[in-house]
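Just so we're aligned: 366 in the UniProt record's numbering is position 366 of the sequence shown, and the numbers increase by one with no gaps anywhere. Backbone N, C-alpha and C define an ideal beta-carbon position, used for all residues, glycine too.
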Amino acid sequence: MSRACQAKRPCPARRQPFSLPGPASHPKVRSRFQSSIHSKPDKTKKTFHFGSLSSVHPATKTIHEKKALPNQTTLRPNPKPHHPLRGQHNPKEKSNPIEPEPANPPTSTMAERQLSQILAQLKAQPATPSYPEALTLLSKAKLLLLQLNALTPSPTVSPALQTLARSLYEQGALYSIRALKPDAFLRYVAQLGPFYESLPSDGGDDDDQRNRVTGLYLLLLMTQGRYAEFHSELEALAARGGDGAVDVENDRFLGYPIRLERWLMEGSYDRVWKAMKKGEVPCEEYSVFSEILTSQMRSEIASSSERAYPSLPLSSTKSLLFLDSEGAVVQFARERGWTVRDGQIIFPAAGGAAGEAGADDEGLQQQRDMSQVIIENALGYARELETIV
């Protein structure tokens, strides 16, 4: 080839020396690589084979690994162990929120609905459910009230739920009276007390039920001879009716026991008898106490007759004791230990009382003397106090 051709032939580009980024771009490293490339290989020295990374400089090896695996991320030293049950959070992925399951109806709403159903069953026909059946319903209602924390009134309990609980307790009290269970009735009255104090008076059916239960409580106290508690309850009623909300005397439920107690204290047993016989009883539950009051009146009249008369005819005793027949008088006389002879009732307690009075005259005289001494001493002390003052 001629020199002209060689001159026209483009000169091949000069091969640039191999350069690496990072540590390999250092001047000393670059001169080392350039000398190894342009110089002849020396068999006594180790050569660098770029096809194998085993003899490459550590910095160069890391660079080749990065170039070979560009999509892989470099692991950090001492990585935290990955928990097999925990997923990795990828910010690019859209999070799918877990849809909440359809919620069940609130427990409180279900319980209140069941309480309303139980109350409707108890109020529907008072004579239909027997006392054991009513007791089962009331026990279930108490469990529901316990679930709602409404056994007793509190600020966290709504007024509607308190009214529902009060109505259930009132039905329990009425069923207890019908079944002649005074202890159960007193327990219900004790449970109703806080509800009556917390709930305001509205003058409607709720107040009628309250007066109904309160009147039954007054009758029970009167039949049991607990007159102190009877009058304490009357004072509480007067204080409650001081604002004109309750007319105690004219109320059909509260006025009935008040009138009976007044007539009994006066000894007007005939008026008590007529009040119980003429249908003046306010409701069915009040008639439960009629037989009890009648028995108490007969016992009181019999005790007074034993002290007042030595004997009485059967006909007079029949009207005196409010009995229906002479046979009933004879049966009553035998129960009392009286003697029935020739149409007469002889009271054995009259002669015995006279004999005991004659035998105790001396003891009575001594007691009178002692009482006179005490009275004289008290009067003397009073005179001395007046003199000092």
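Residue i at chain D interface by Cβ criterion, 7 Å
{"i": "residue 311", "result": "Among the chains in the structure shown there is no chain D, since it carries only a single protein chain."}
Host beta strand (DSSP E) of residue i (start-end)
{"i": "residue 413", "result": "Residue numbering for the chain in the displayed model covers 1 to 389; residue 413 lies beyond these limits and cannot be assessed."}
{"i": "residue 341", "result": "339-341"}
{"i": "residue 224", "result": "Segment: none, residue 224 is in no beta strand (DSSP E) and carries neither H nor E."}
Supposed close pair residue i, residue j - CB separation, criterion 8 Å
{"i": "residue 248", "j": "residue 238", "result": "6 Å"}
{"i": "residue 148", "j": "residue 108", "result": "6 Å"}
{"i": "residue 199", "j": "residue 163", "result": "6 Å"}
{"i": "residue 166", "j": "residue 146", "result": "Going by Cβ atoms, the distance from residue 166 to residue 146 rounds to 16 Å, so no, they are not a contact pair."}
{"i": "residue 150", "j": "residue 161", "result": "5 Å"}
Option nearest residue i by Cα separation, candidates the options
{"i": "residue 114", "options": "124, 135, 140", "result": "140"}
{"i": "residue 175", "options": "193, 154, 123", "result": "123"}
{"i": "residue 142", "options": "339, 160, 169, 327", "result": "169"}
{"i": "residue 310", "options": "295, 375, 341, 380", "result": "341"}
{"i": "residue 135", "options": "150, 270, 148, 119", "result": "119"}
{"i": "residue 131", "options": "158, 198, 179", "result": "179"}
{"i": "residue 295", "options": "335, 313, 197", "result": "335"}
{"i": "residue 112", "options": "133, 159, 154, 302", "result": "159"}
{"i": "residue 177", "options": "146, 165, 285", "result": "285"}
{"i": "residue 304", "options": "225, 145, 347", "result": "347"}
{"i": "residue 197", "options": "154, 269, 302", "result": "154"}
Rounded C-alpha distance that separates residue i from residue j
{"i": "residue 359", "j": "residue 377", "result": "Here residue 359 scores only 49 on pLDDT, less than 50, and its place in the model should not be relied on; the value that follows carries that caveat. Approximately 30 Å between the Cα atoms of the pair."}
{"i": "residue 337", "j": "residue 306", "result": "11 Å"}
{"i": "residue 184", "j": "residue 232", "result": "21 Å"}
{"i": "residue 319", "j": "residue 292", "result": "18 Å"}
{"i": "residue 152", "j": "residue 195", "result": "7 Å"}
{"i": "residue 351", "j": "residue 300", "result": "Here the model assigns residue 351 a pLDDT of 46, short of 50, so the residue's position is not dependable, and the following value carries that caveat. Near 20 Å, if we compare the C-alpha coordinates of residue 300 and residue 351."}
{"i": "residue 328", "j": "residue 267", "result": "23 Å"}
{"i": "residue 235", "j": "residue 251", "result": "15 Å"}
{"i": "residue 189", "j": "residue 137", "result": "18 Å"}
{"i": "residue 187", "j": "residue 380", "result": "53 Å"}
{"i": "residue 372", "j": "residue 386", "result": "21 Å"}
{"i": "residue 374", "j": "residue 228", "result": "30 Å"}
{"i": "residue 225", "j": "residue 271", "result": "19 Å"}
{"i": "residue 206", "j": "residue 264", "result": "30 Å"}
{"i": "residue 121", "j": "residue 324", "result": "40 Å"}
{"i": "residue 390", "j": "residue 110", "result": "Only positions 1 to 389 of the chain appear in this structure, which leaves residue 390 out of reach."}
{"i": "residue 182", "j": "residue 333", "result": "29 Å"}
{"i": "residue 326", "j": "residue 133", "result": "42 Å"}
{"i": "residue 308", "j": "residue 273", "result": "22 Å"}
{"i": "residue 208", "j": "residue 277", "result": "24 Å"}
{"i": "residue 259", "j": "residue 331", "result": "31 Å"}
{"i": "residue 302", "j": "residue 275", "result": "21 Å"}
Beta-carbon proximity list for residue i, same chain, < 6 Å, skipping 5 on both sides
{"i": "residue 384", "result": "none"}
{"i": "residue 298", "result": "321"}
{"i": "residue 219", "result": "257, 289"}
{"i": "residue 281", "result": "287"}
{"i": "residue 339", "result": "346"}
{"i": "residue 269", "result": "297"}
{"i": "residue 171", "result": "122"}
Close Cβ partners of residue i (< 7 Å) along its chain, the five nearest in sequence each way excluded
{"i": "residue 75", "result": "Low confidence applies here, because residue 75 scores a pLDDT of 48, under 50, leaving its location unreliable and the question unanswered by this model."}
{"i": "residue 382", "result": "none"}
{"i": "residue 283", "result": "212"}
{"i": "residue 254", "result": "211, 214, 215, 237, 248"}
{"i": "residue 230", "result": "218, 221, 222, 261"}
{"i": "residue 343", "result": "313, 314"}
{"i": "residue 317", "result": "329, 345"}
{"i": "residue 279", "result": "none"}
Boundaries of the alpha helix (DSSP H) in which residue i is found, first to last residue
{"i": "residue 163", "result": "159-178"}
{"i": "residue 330", "result": "326-336"}
{"i": "residue 147", "result": "131-147"}
{"i": "residue 277", "result": "269-277"}
{"i": "residue 183", "result": "182-198"}
{"i": "residue 294", "result": "288-308"}
{"i": "residue 260", "result": "255-266"}
Chain-order list of residues whose beta-carbon lies under 8 Å from that of residue i (same chain, five-residue window excluded)
{"i": "residue 369", "result": "none"}
{"i": "residue 388", "result": "none"}
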